[in-house]
Amino acid sequence: MIHKTIIEPFKIKSVEPIQMSTEAQREKFLKDAHYNPFLLSSDQVIIDFLTDSGTSAMSANQWAGIMNGDESYAGSSSWKKMENAVQSLTGMEFILPTHQGRAAERIIYSHLGGKGKTFISNTHFDTTRANIEFSGAEAIDLLIPEGKNPAQIYPFKGNMDTGSLVKTIQEKGAKNIGAVILTVTNNSGGGQPVSMENTKEVSRICKENGILFLLDCCRVAENAYFIKIREKGYTDKTAREIAVEMFSLADGAVMSSKKDALVNMGGFLALRDNEIADACKNLLIITEGFTTYGGLSGRDMEALAIGLEEIFDPNYLEYRIKSTTYLGEHLDKAGVPVMVPIGGHAVYIDAKKLYPHIPVHEYPGQALVCELYLKGGIRSVEIGSVMFGKYGEDGKLIPAAMELVRLAIPRRVYTQSHIEYVIETFNEILATAKDVRGYKITREPKFLRHFTSHFEKIS
Ligand SMILES: *Cc1c(COP(=O)(O)O)cnc(C)c1O
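Okay, here's the thing in structure tokens:
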């Protein structure tokens, strides 16, 4: 018999209690956190969908690896395992371990960046953009138009607009392009996959123009699974084979291993070019650590090497993508405006559509994030004008392209009944949508303001 119910392909050996709370308690918690869920403490949260980053549950095998960690300063055997795992997946020779993705980003983009340089991506993730801009360079997003319309069904909404890519290279001059970066899957744009065809085309354009082509490969396994089920010619390939092919098209890769390597901390930079790798190794040693550990403990590297294998388990990947889709499709059926098709690691909600009465400068996404917390103790993140908004010369807000809220699903952490609870909470969100008000920012830092900004409810 073929079962319809997708069960978690794992059993639970160790549990972590959830602190329950009432709506009245959460009212106070949220006010004390200045209406910014990043400032809540985790025991005030029931279901934490803030991020899928570093929140994975490790396997028994990974925990066993933790005990096997070799903590030698130089030449640790755990480093050898990590280096082998990353080399065999990426096919790249030079592997630099870092404590997380943004450390690898800081190293590569401070080397390639600087004033006058331009970086082009399908969508730069927030830390990627911040690191590029911090170097003095500019970051341009060239997503295909289908990717910008939350309601449009399209199999690869993470694809780069290659026509605009060619035009932008001509305008800026190839020598001024620091790198072209494909983010797979496209996190900020909806957790949407990039096709192999698009990757090949981007790779070809970069080669033709002598431009460095990098993968931001945090979710390369999830992206590979989408290619397997959606792209012609890939049905019979394994997700790992597909990922290997994708890496073969790139000159380098940056990974936050807190995503598809199933660890709580870790990252790397992988490169083919000896000279770039040497320059980056200097920065690595100055700011992260020696080349055989970066910012990582031996045990972290051991767990990372194991996680990078486990992530390509076909049963896991099927469960992962189908369970995210289950949440998204049930919200869709209930009438919640979700971004379709559902992405790999998260469900994105179009807050502008849910709250048409809240103007963008009053942050409809922030309003939904606060409502989800109040009604269900669910923590989510705004991906809209709080995260990506800018101010014009006149001091007015230049809003983001979309006002989304992301429910990011930690890997192997929540079960089906947790998901049913979230769906139930959304029914209440829908019923009370008309009465919800917007927010104003009362305090904000210069970079990555969504992390620490304070808000006030507009009365
Ligand atoms: C998480 C993430 C990063 C940054 O990695 P950290 O480990 O959080 O520093 C970069 N790019 C993408 C696409 C990400 O999802």
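Heads up: the sequence shown is residues 216 to 674, going by this note's numbering.
All residues carry an ideal CB built from backbone N, CA and C; glycine is no exception.
Three-state secondary structure (DSSP) at Ile593? strand
Quiz: which residues have CB nearer than 5 Å to ligand 1 non-hydrogen atoms: Ser268, Gln315, Gly316, Arg317, Phe340, Thr342, Thr398, Asn402, Asp431, Cys433, Ser471, Lys473
Contact check, Phe527 vs Ala436 under 8 Å by CB: the rounded distance? 6 Å
I'd like the ranges of any beta strand (DSSP E) spanning at least 3 consecutive residues and lying wholly in the stretch 412-477. 428-431, 467-471
What's the C-alpha gap between Ala239 and Arg594? 16 Å
Between which two residues does the alpha helix (DSSP H) harbouring Ala646 extend? 631-646
I'd like to know if the stretch 533-552 and the stretch 450-465 are in contact, where contact means that at least 3 CB-CB pairs between them fall below 8 Å. no
Tyr531 - containing alpha helix (DSSP H), residue span: 529-549
Taking DSSP's pairing of strands, which residues face Pro312 in a bridge? Phe483
Whole alpha helix (DSSP H) elements within the stretch 347-417, 4-residue minimum: 377-387
For the stretch 330-339 against the stretch 350-369, do three or more pairs of beta-carbon atoms, one drawn from each stretch, fall closer than 8 Å, so that the two count as touching? yes
Express the C-alpha separation of Leu464 and Leu313 in angstroms, rounding to a whole number. Before going on, a small fix: residue 313 reads as Thr here, not Leu. Their backbone Cα atoms lie some 23 Å apart in a straight line.
Check each candidate in Asp475, Lys382, Leu265 and name the one with the smallest Cα separation from Val417. Lys382
On the CB-based measure, 16 or more other CB atoms within 10 Å of its CB, does Asn251 come out buried or exposed? buried
Please name the residue in Glu412, Phe462, Lys422 whose C-alpha comes closest to that of Arg445. Glu412
His560 classed as buried or exposed, judged by whether at least 16 other C-beta atoms fall within 10 angstroms: buried
Note the first and the last residue of the continuous beta strand (DSSP E) segment covering Ile199. Summary: the structure shown does not reach residue 199, with the chain confined to residues 216 through 674, and so no result is reported for it.
What is the C-beta distance between Val575 and Pro529, in whole angstroms, given that I count them as a contact (C-beta under 8 Å)? That belief does not hold up - the Cβ atoms of Val575 and Pro529 are roughly 42 Å apart, past 8 Å.
Counterpart residues of Phe670 in DSSP-defined beta bridges: Ile656
Where does Ala582 sit, in a helix, a strand or coil, going by DSSP? helix
DSSP state of Ala520, grouped into three classes? helix
Contacts around Asp547, its chain only, beta-carbon distance under 6 Å, and the 5 residues preceding and following it disregarded: Val553
Output the distance between the C-alpha atoms of Thr305 and Arg487, rounded to the nearest integer angstrom. 10 Å
Rounding to the nearest angstrom, what Cα-Cα distance links Gly393 and Lys332 in this structure? 6 Å
Tell me Arg621's beta-bridge partners as DSSP assigns them. Tyr563, Val596
Report all residues from its chain with a CB closer than 6 Å to the CB of Asn479; omit the five preceding and five following residues, and keep chain order. Gly269
When burial is assigned at 16 or more other CB atoms within 10 Å of the CB, is Glu320 buried or exposed? buried
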